[in-house]
Every structure is written in C-alpha cells, then in structure tokens.
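Here's the structure we're looking at; comments come further down.
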Amino acid sequence: MNPKLVFWVPATLRLGLVLLGGAVFWWMSGPVTGLAFALLVTIGLLASQLMYLHKLGEWLDDPQSGKLPDGWGAWTEVFARLYRLRRDDERHQAELAEWLARFRQAMQLLPEGVAIMDDVLFLEWCNPAAERHLGLTLERDKGRRVTNLIRHPEFIDYIILGRYEQPLTLAIRGRKLVVQIIPFENRRQILVTHDATETERIEAMRRDFIANASHELRTPLTVIVGFLEIALADPGLDEKTRTAHLELMTEQAGRMQRLIEDMLTLSRLESDEYPLKRERIEMRALVEQIASDARALSNGRHEVEVAVDGPDVMGNADELRSAFGNLASNAVRYTPAGGHIKLSWTRGPNDLRFEVADDGIGIDEQHISRLTERFYRVDKSRSRETQGTGLGLAIVKHVLLRHGGKLAIRSVAGKGSVFTASLPNTTLPG
Ligand code: ADP
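Residues in the sequence shown are numbered from 116 upward in steps of one, following the working numbering.
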C-alpha cells in the first residue's frame, strides 16, 4: 500500500464502520440508540488512541532501552516505523563507532603529529606523534592554550601573524619540526607537525658533499688553469720548464680523474639501480692480486706478507677487489718506508675476514669513528701527497654493507693499524 495511505485508510475505514454501526442502530432501534452506539464506540477508540499516545510518550523518554509496544490499527505502522528507525540508528552508531576506532588507530600510527584546537587555540585532542614532537601529554594538556604549551617566539609570531599558508620550521628539543596550522570547520584549527630532522641531516650531508667535491676538484683545476695561462702568456718557454709544467698538469688531471671515478663508484654503490650481482670469487687469487698491486705501489719500500686460509665466497668480485685493494693501498700509503704490511684472509668464529695490518703512522682514537665519512682525512696534505681522494674508506664501507658485512678499525697513533673487513657466513657458496 502507498505509505502515505497507510495511516488514513484504516482510520477512515474505522470511522466509516462507526457511522455505519450508528446508522444500523438508528434504523433498528431509533436515533437515541444509534447516537449512543456511535458515541460509545468513538469514546472507546479515543481511549485506545490515548493509551497508545501514553505508551509512545513512555517509549520516547528512553528510546534506546525501552521496548516498543505492539500497536493496533495505524499504531502498528507507527511502531513498526519507529522500530526500523531505531534499528537503523543503532546500525549507524555502530558504524560510526567502528570508523572512530579505525580513525583513532590510524592517527596513532601516523608519523605526522596532528593536534585539534578550537578557534582560540585551546587544545582539544592530539595524536601520539604530536605529543612526541611537541612534548605534550593529551591528558594533562587538554583544554590548555597551545601558545602556553609551545612557547617558542617564532611559533607565537606565526600565530599572531596568522600566515598559515606557509609552514613554519622550528627547532624543538634538538629536532627540526615543520609545523603548519590549517583552519577547518570555521571554529576549529588543526596543527600538523612533521619531524624533518632526518631529511635535514641528509640535506646537510648532500650540501657538504657537493661543497667538498667542488673544493677537491677546484684545487687541481686551479693548478692546470695556472699553467695553461703561463703557456699562453709565454709561448717561448724553455723545453725543461714546459715539460715540468706538463707533468704537473698531468698529475693534477690524474687527481681529478681518480676523484671523479671514486665519486661515480660511490654513487653506483648507493644506487638501488645496481643491485648486487653475486658470483663465486676465488679468494686466494683475489688476495694475491691485491698483494701484488700493493707491492707495485710500494715499489720495494715495504715488506708485504700474505696469509690465505679462508674459503671462497659468493659476492661481487670487482667491488670486493676495489674495497680490499683500498685497504691495502692505504696501508702502503700511510706506512713509512721500511714498514711491514700483512694481508690475511681467514675464517673467524662467526664470519670471514680480510685483514690488513701495518706498522705505519697509525690513527689517533678521536678520528677512528669518522674515517669512513666522505672526504674525512686525518692529515689532508699526506692524503693528497699519496694521491688519496678521501673517498677510499667510504667506498669500503658501502661495498661491505652491500655484502652484509662491516669494517672494524683498530689503531694506535705512531704504532700502526689493523683494518678488518668482515663478511657474513651467508656469503659462503651454498
Ligand atoms: P684517503 O684517500 O685520504 O686515503 P681514505 O678514505 O682511504 O682516504 O682514508 C681516510 C683517512 O683515513 C686517510 O686520509 C688517513 O688519514 C686515514 N687512514 C686510512 N688508512 C690508514 C692507515 N692504514 N694508516 C693510517 N691512517 C689511515
């Protein structure tokens, strides 16, 4: 039946029946009986309507727990509809509660801080990341003004000026935070915080690297340009000077070339585009080769000893040759003539080790933890004199990391050093 008629048809029918009953009584027993019948039935109907109205009133006082009465006539439909409304409402509430729980969980996991404030910046709610970033505790700080909780002058200025289109960078408790206020619902504002400490650190490293690399390249370039200018200004230079200049220029160009090669190697090692390709490496041959290169570099100034009793491994031969070769060439370059260098490949208790020990100049304790940083050198002039790029140990570190290994350095200034490159047993051939 058309829902609009549901209430009217039974009521009209009932009224019709009353009138019909009244008319029948009127016809059979006269007008008094007819009217009395109609009046009595109408009073009965009215009383039942009042009773259901009363029940409805009772139910409306406590719609959630109260039981809906069964109805009669149009009330059946009224109560059925109310029942459906209550069921839909309960379902919506359950859905809402589920969404709220999901929202809370997402907010807990969010690495960004989110704090909700009212129009006058009183804290209403915040997630754990905002508590961490801003040093807040929701329980304690709820209802307090945010400017009393974050007392940074830049933050206060940010609020006063109200230029919320731009985020603000704040240094809070040793961390770099990017904060931004976003007005919403016209009486509320959201404060979003992002911890940019790591990004800043990487950015600073990148800046340092570019500055260092430019500086390293500029020095030899300045020398080359100087000699070229001399050659242009004075075409009649004698043969001996000209040759000396050409030799120096070649040396500086070689330095630039080594530097660029090392920078390219490093960037390749760090890039995801070059995943590690493993092959079986004959370690005896590799270590012998490194020793022979070290002897060539030493040119008879050092005694180079080799001991190999470790197994072959699975890895990238070029990378390991370059890493182990760097350690050996450092030993030659930082050990005065007459020194002794030992290269060994052994099996440790839980790993495989390539070790380079020298009795060279050694390294002061304070420098050891920084040696694998790019361009870090203990003695800049010695590194340059011996054709160092300052990137050798950074390359070693990255090659080992790619193989799941690590570098350990022990050294005593004036006595010598031991560089141990260890590879995990997982590099053993299967
Ligand atoms: P470099 O090209 O300057 O040698 P590396 O990254 O290979 O750069 O080494 C970084 C620094 O570590 C060197 O400048 C040097 O001061 C120090 N170093 C490396 N190996 C040795 C060693 N065997 N003995 C003493 N110092 C060393």
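In this text, a Cβ means the ideal position worked out from N, Cα and C, and glycines have one as well.
* Looking at the structure shown, is T501 part of a helix, part of a strand, or coil, going by DSSP? -> coil
* To do: Taking 8 Å as the cut-off, decide whether the C-beta atoms of S537 and D427 are in contact.
  => No. Outside cutoff.
* Take D310 and list the residues in its own chain whose beta-carbon comes closer than 7 Å to its own, dropping the five residues that flank it on each side. => H248, R290, L292
* Straight-line CA distance for G188 to N117? -> Roughly 16 Å between the two C-alpha positions.
* **R290: first and last residue of the uninterrupted beta strand (DSSP E) it sits in** => 290 to 299
* For ligand 1, is there a heavy atom less than 7 Å away from the beta-carbon of D494? -> yes
* Measure the C-alpha to C-alpha separation of F122 and S144 and round it to an integer number of angstroms. => 33 Å
* For H482, three-class secondary structure by DSSP -> Of the three classes helix, strand and coil, the one that applies to H482 here is helix, per DSSP.
* heavy atom of ligand 1 below 7 Å from S532 C-beta -> Answer for S532: yes, Cβ within range of ligand 1.
* Asked: Checking contacts by CB at 8 Å: is R316 closer than that to chain C?
  -> No chain C is present in this structure, which holds just one protein chain.
* **8 Å contact criterion, which G503 and R448 should meet: CB distance rounded** => 7 Å
* Asked: Does ligand 1 have even one heavy atom less than 7 Å from the beta-carbon of A509?
  -> yes
* **Inter-residue Cα distance where the pair is A326 and A409** => Near 32 Å, if we compare the C-alpha coordinates of A409 and A326.
* Asked: Quick one: Cα of N589 to Cα of V338, how far?
  -> Nothing about residue 589 can be read from this structure; the chain reaches only from 116 to 545.
* Asked: Any chance the CB of S437 is under 7 Å from a heavy atom of ligand 1?
  -> no
* Asked: Where does L522 sit, in a helix, a strand or coil, going by DSSP?
  -> strand
* Asked: P146 by DSSP, collapsed to three states: which one?
  -> DSSP places P146 within a helical segment (H, G or I) once states are collapsed to three.
* To do: Reducing DSSP to helix, strand and coil, say where Q304 ends up.
  => strand
* Who pairs with E418 in a beta bridge, going by DSSP? -> H455
* **Spatial distance of K257 from P226 (CA atoms)** => C-alpha separation (whole angstroms): 21 Å.
* How far does the beta strand (DSSP E) with E488 in it reach, from first residue to last? -> Note, E488: premise wrong, no beta strand (DSSP E); not H, not E.
* For S382, name the three-state secondary structure that DSSP assigns. => helix
* Terminal residues of the continuous alpha helix (DSSP H) containing I510? -> 507 to 517
* **Best match in I405, I296, A195, Q367 for proximity to L442 [C-alpha to C-alpha]** => I405
* Asked: For W190, which option in D176, F342, L161 has the closest C-alpha, if you only look at C-alpha atoms?
  -> L161
* **V261 - containing alpha helix (DSSP H), residue span** => 261 to 264
* So does S498 have its beta carbon nearer than 7 Å to some heavy atom of ligand 1? -> yes
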